[in-house]
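Encoded as structure tokens, the structure appears first; notes follow it.
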Amino acid sequence: MTERKKFLSLVLVFLFAYWMPFTHPRVQMGILEAFLMLREYAREHVLLCLVPAFFIAGGIAVFISQAAVVKYFGAEAKKILSYGVASVSGTILAVCSCTVLPLFASIYQRGAGIGPAVAFLYSGPAINVLAIILTARVLGLEMGLARAVGAIIFAIVIGLSMAGIYRREEAERQRGPLQMPEAEMPRRLWQDMVFFALMVIFLVFANWGKPAQNEGFWAAVYAIRFYIAGASLILLLPVIWRWFPKEELKEWVGETYSYALMILPLLFIGVMFAGFFLGRPTHEAVIPSKYVEAIVGDSPAQFFALTGMQQGAAHSMIASIWPVWTCFFASISAAFMYFATLTEVPILQSLMGSGMGKGPALALLLAGPAVSLPNMLVIRGILGTRKTVTYLVIVVAFSTFCGLVYGWLFV
Amino acid sequence: MEIKVLGPGCPKCQKTEDIVKEAVSESGLSVTVEKVTDTMEIAGYGVFGTPALVVDGEVKSVGKVPKKDDILKWLK
Numbered sequence: 290m291t292e293r294k295k296f297l298s299l300v301l302v303f304l305f306a307y308w309m310p311f312t313h314p315r316v317q318m319g320i321l322e323a324f325l326m327l328r329e330y331a332r333e334h335v336l337l338c339l340v341p342a343f344f345i346a347g348g349i350a351v352f353i354s355q356a357a358v359v360k361y362f363g364a365e366a367k368k369i370l371s372y373g374v375a376s377v378s379g380t381i382l383a384v385c386s387c388t389v390l391p392l393f394a395s396i397y398q399r400g401a402g403i404g405p406a407v408a409f410l411y412s413g414p415a416i417n418v419l420a421i422i423l424t425a426r427v428l429g430l431e432m433g434l435a436r437a438v439g440a441i442i443f444a445i446v447i448g449l450s451m452a453g454i455y456r457r458e459e460a461e462r463q464r465g466p467l468q469m470p471e472a473e474m475p476r477r478l479w480q481d482m483v484f485f486a487l488m489v490i491f492l493v494f495a496n497w498g499k500p501a502q503n504e505g506f507w508a509a510v511y512a513i514r515f516y517i518a519g520a521s522l523i524l525l526l527p528v529i530w531r532w533f534p535k536e537e538l539k540e541w542v543g544e545t546y547s548y549a550l551m552i553l554p555l556l557f558i559g560v561m562f563a564g565f566f567l568g569r570p571t572h573e574a575v576i577p578s579k580y581v582e583a584i585v586g587d588s589p590a591q592f593f594a595l596t597g598m599q600q601g602a603a604h605s606m607i608a609s610i611w612p613v614w615t616c617f618f619a620s621i622s623a624a625f626m627y628f629a630t631l632t633e634v635p636i637l638q639s640l641m642g643s644g645m646g647k648g649p650a651l652a653l654l655l656a657g658p659a660v661s662l663p664n665m666l667v668i669r670g671i672l673g674t675r676k677t678v679t680y681l682v683i684v685v686a687f688s689t690f691c692g693l694v695y696g697w698l699f700v
Numbered sequence: 000m001e002i003k004v005l006g007p008g009c010p011k012c013q014k015t016e017d018i019v020k021e022a023v024s025e026s027g028l029s030v031t032v033e034k035v036t037d038t039m040e041i042a043g044y045g046v047f048g049t050p051a052l053v054v055d056g057e058v059k060s061v062g063k064v065p066k067k068d069d070i071l072k073w074l075k
């Protein structure tokens, strides 16, 4: 850091301290909410959910052969398989979002072409293990599933549309030799599967939600959830001991550790921002809930109340397009916004707590992590302006559509 | 001689660069080590996974952190 930069940041801190209205009750509430929300995450979501999720993500990165997956992106691979693998392989290949763009560029230039490349570009960040686990944990199983399924279908649709639109140009791009990672298979497939199954069982049961009734199957499972989780952990020990060489285990722990280092600081900052501006659900912070409700709420009532619009042609027109508007607004703003890995979850939690509808929430989840202004610039360098705009339009249109459908299904 | 480490900046790519530098200083050869972070340039090598290692224009390793012994072998 140069002297001048140091001085500049000093000036900024000074101006912040000088002007920040700390005495305003809303700001005070916001600061308190930021820390309360941080505490909620630390207490509820870190130990039983995020830590095991990091171990699973680390295990995927180290133990699963990427070569087995990547070969479906080659130029000679069957097209149907390419699309299928591209739409789900984000779970395996894209835990670190920085690997998505180079792989995307390679698939596009040398491999299976624009369709599978775009499908992978879209699904990669949206469907990664950590994101799905945290979404299901914080926003509910239903939202987690909707996100995963929506992202898979969406990836195929968007890949096929891009391939259809640019069919003619496809054949002209030049191909070159491919450099695939070598396949290493130190274990049988079923051994890897047992390993991951045990970790997933631990994760699922340790986080088993308390059911509404105190009787029945779900309640019975809830009562013994820690025994099941504990049993799977105990079973995991001999599996790790017998099947995995020391070297690989070291790598596994190292990988898990680096995910935690990479993701947790950003997540905590995101949680505090969400808490400061919007507060925990049912709590108020700097931005009053009524504004959130007036823009993306389930009904336009709050919007009419704030604008003083009670009847007339405009009133009935807005009322009729309201669901479309809210989903559209959520997807287009999410498309331009940058969400660091996982931060979309606390932000969405706060937004929904402030009155955002379920439809727009899903639209935000589908459009948000996949596209942002910074990654659009990189994509533009690879695809060119026209194709990038097409991609963006399809993402926004389809997110809006999915949000609408989800809103209708669950209201 | 020239070694390029292809990787957009994830922890594994950083580790690869460190190991390469270690191997180079151990070998005592005069080798230039370059880190390539530009997505288009990485894709230009056709590598399906990062980090990747390019020695004198030839792709030697893809999608993993290479071992120091292997790097020493490629240097010879």
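As they're listed, the protein sequences go chains A and B.
Offset between the first sequence (1-based) and our numbering: plus 289.
Letter 75 of the second sequence, counting from 1, is numbered 74 in our numbering, and no numbers are missing.
We put the beta carbon where it would ideally sit given N, CA and C, even for glycine.
For Lys-295 (chain A), report the span of its alpha helix (DSSP H) as first-last.
292 to 308 is the span of the alpha helix (DSSP H), which, as asked, contains Lys-295 (chain A).
Measuring alpha carbon to alpha carbon, tell me which residue in A:Pro-577, A:Leu-631, A:Thr-615 is nearest Met-318 (chain A).
Distances from the alpha-carbon of Met-318 (chain A) to those of A:Pro-577, A:Leu-631, A:Thr-615 put A:Pro-577 closest.
Can you find a C-beta in chain A that's less than 8 Å from the C-beta of Thr-15 (chain B)?
No, Thr-15 (chain B) lies away from the interface with chain A (no Cβ there is under 8 Å from its Cβ).
Burial state of Arg-477 (chain A), where buried means 16 or more other Cβ atoms lie within 10 Å:
By the neighbour-count rule (16 or more Cβ atoms within 10 Å), Arg-477 (chain A) is not buried but exposed.
Quick check for students: name the residue ranges of the alpha helix (DSSP H) that lie wholly in the segment 549 to 627 of chain A, counting only runs of 4 or more.
You should have 578 to 585, 590 to 596, 602 to 625.
Helix, strand or coil at Met-0 (chain B) according to DSSP, with G and I counted as helix
Met-0 (chain B): coil per DSSP, three-state reduction.
Who are the near neighbours of Val-575 (chain A) in its chain, counting only those whose CB is closer than 7 Å to its CB and skipping five residues on each side?
Arg-315, Val-316, Gly-319, Phe-565, Phe-566.
Using a Cβ-Cβ cut-off of less than 7 Å, give me the residues of the segment 363 to 380 of chain A that come near chain B, in sequence order.
If the cut-off is 7 Å between Cβ atoms, the segment 363 to 380 of chain A has nothing near chain B.
Backbone CA spacing between Ala-590 (chain A) and Leu-449 (chain A) [nearest angstrom]:
Going by the C-alpha atoms only, they are around 39 Å apart.
Nearest CA to the CA of Leu-637 (chain A): which residue from A:Phe-296, A:Phe-515, A:Gly-429, A:Lys-360?
Distance check between Leu-637 (chain A) and each of A:Phe-296, A:Phe-515, A:Gly-429, A:Lys-360 places A:Gly-429 closest, using alpha-carbon atoms only.
Cβ separation of Val-32 (chain B) and Ile-2 (chain B), assumed to be a contact under 8 Å, to the nearest whole Å:
Correct: roughly 5 Å between the Cβ atoms.
Using 8 Å as the limit for Cβ to Cβ distance, is Thr-49 (chain B) near chain A?
Yes - at least one Cβ of chain A is within 8 Å of the one on Thr-49 (chain B).
The segment 365 to 383 of chain A touching the segment 11 to 27 of chain B, judged by at least three CB pairs closer than 8 Å
No, they do not touch.
Would you check if the distance between the CB atom of Met-39 (chain B) and the CB atom of Ala-406 (chain A) is smaller than 8 Å?
Met-39 (chain B) is not a Cβ neighbour of Ala-406 (chain A), given a cutoff of 8 Å.
By DSSP, does Met-645 (chain A) sit in helix, in strand, or in coil?
Annotated three-state conformation of Met-645 (chain A) is strand, per DSSP.
7 Å CB neighbourhood of Val-64 (chain B) in its chain, flanking five on each side removed
Contacts found: Lys-11, Lys-14, Thr-15, Ile-18, Pro-50.
Less than 7 Å between C-beta atoms, sequence neighbours within five positions excluded: which residues of the same chain meet that for Gly-505 (chain A)?
Same-chain partners within the cutoff: there are none.
Please classify Ser-298 (chain A) as buried or exposed, where buried requires at least 16 other C-beta atoms within 10 Å of its C-beta.
Ser-298 (chain A) should be labelled exposed.
Taking all protein chains shown into account, do 16 or more other C-beta atoms lie within 10 angstroms of the C-beta of Ala-508 (chain A), making it buried, or fewer, making it exposed?
An exposed status is given to Ala-508 (chain A), since fewer than 16 other beta-carbon atoms sit within 10 Å of its beta-carbon.
Using the Cβ count rule (16 or more neighbours within 10 Å means buried), how would you classify Glu-25 (chain B)?
Counting Cβ neighbours within 10 Å, Glu-25 (chain B) comes out exposed, since fewer than 16 surround it.
Validate contact between the segment 334 to 341 of chain A and the segment 532 to 543 of chain A using beta carbons, cut 8 Å, 3 pairs:
Contact check between the segment 334 to 341 of chain A and the segment 532 to 543 of chain A: fewer than three CB pairs, one atom from each, fall below 8 Å, which does not count as touching.
Output needed for Val-418 (chain A): all residues of its chain with C-beta closer than 8 Å, excluding positions within five of it in sequence on either side, in chain order.
Cβ within range, chain order: Ala-342, Ile-345, Ala-346, Ile-349, Thr-380, Val-384.
May I ask you to list, following chain order, the residues of the segment 6 to 30 of chain B that have a beta carbon less than 7 Å from some beta carbon of chain A?
Identification of residues in the segment 6 to 30 of chain B having a C-beta nearer than 7 Å to some C-beta of chain A yields Pro-7, Gly-8, Cys-9, Pro-10, given in sequence order.
List, in order along the chain, the chain B residues whose C-beta lies closer than 7 Å to that of Met-469 (chain A)?
Residues of chain B passing the Cβ test: Phe-47, Val-61.
Determine the direct distance from the alpha carbon of Phe-311 (chain A) to that of Lys-676 (chain A), and round the result to whole angstroms.
Cα to Cα, Lys-676 (chain A) sits roughly 47 Å from Phe-311 (chain A).
Reduced DSSP secondary structure (H/G/I, E/B, other) of Leu-467 (chain A)
Coil at Leu-467 (chain A), not helix or strand.
Just tell me which of A:Val-660, A:Ala-356, A:Lys-647, A:Arg-569 has its CA closest to the CA of Ser-694 (chain A).
Rather than Ser, the amino acid found at residue 694 (chain A) in this sequence is Val. Of A:Val-660, A:Ala-356, A:Lys-647, A:Arg-569, the residue nearest in Cα terms is A:Lys-647.
So with CB distances below 7 Å, who are the chain B contacts of Pro-391 (chain A)?
Neighbours of Pro-391 (chain A) across chain B, judged by C-beta separation under 7 Å: Pro-7, Thr-38, Ile-41, Ala-42, Thr-49.
Rounding to the nearest angstrom, what Cα-Cα distance links Ala-650 (chain A) and Ser-521 (chain A) in this structure?
Across the structure, Ala-650 (chain A) and Ser-521 (chain A) are spaced so that their CA atoms are roughly 34 Å apart.
Cutoff 8 Å: Ile-671 (chain A) Cβ touching any chain B Cβ
Cβ-Cβ to chain B under 8 Å: yes for Ile-671 (chain A).
Status (buried if at least 16 other CB within 10 Å, exposed otherwise) for Gln-355 (chain A):
It is buried - the Cβ of Gln-355 (chain A) has at least 16 other Cβ atoms within 10 Å.
Thinking just about the alpha-carbon of each residue, which of A:Lys-360, A:Val-302, A:Arg-426, A:Tyr-411 is nearest to the one in Pro-635 (chain A)?
When only C-alpha atoms are compared, the closest one is A:Arg-426.
May I ask you to verify whether the segment 583 to 598 of chain A touches the segment 608 to 620 of chain A, counting CB pairs closer than 8 Å and requiring at least 3?
With a cut-off of 8 Å, the segment 608 to 620 of chain A and the segment 583 to 598 of chain A count as touching, because enough Cβ pairs lie within range.
Just by C-beta distance, which residues in the segment 346 to 359 of chain A are closer than 9 Å to chain B?
Those residues of the segment 346 to 359 of chain A placed with their C-beta closer than 9 Å to a C-beta in chain B are Ala-350, Gln-355, Ala-356, Val-359, ordered along the chain.
Report the start-end ranges of each alpha helix (DSSP H) in the segment 6 to 30 of chain B that is 4 residues or longer and not cut off at the edges.
Within the segment 6 to 30 of chain B, the runs of alpha helix (DSSP H) that reach at least 4 residues and sit entirely inside it are, in chain order, 10 to 26.
By the criterion of Cβ-Cβ separation under 9 Å, what are the contact partners of Val-667 (chain A) in chain B?
In chain order, Thr-38, Met-39 make up the part of chain B whose C-beta sits under 9 Å from the C-beta of Val-667 (chain A).
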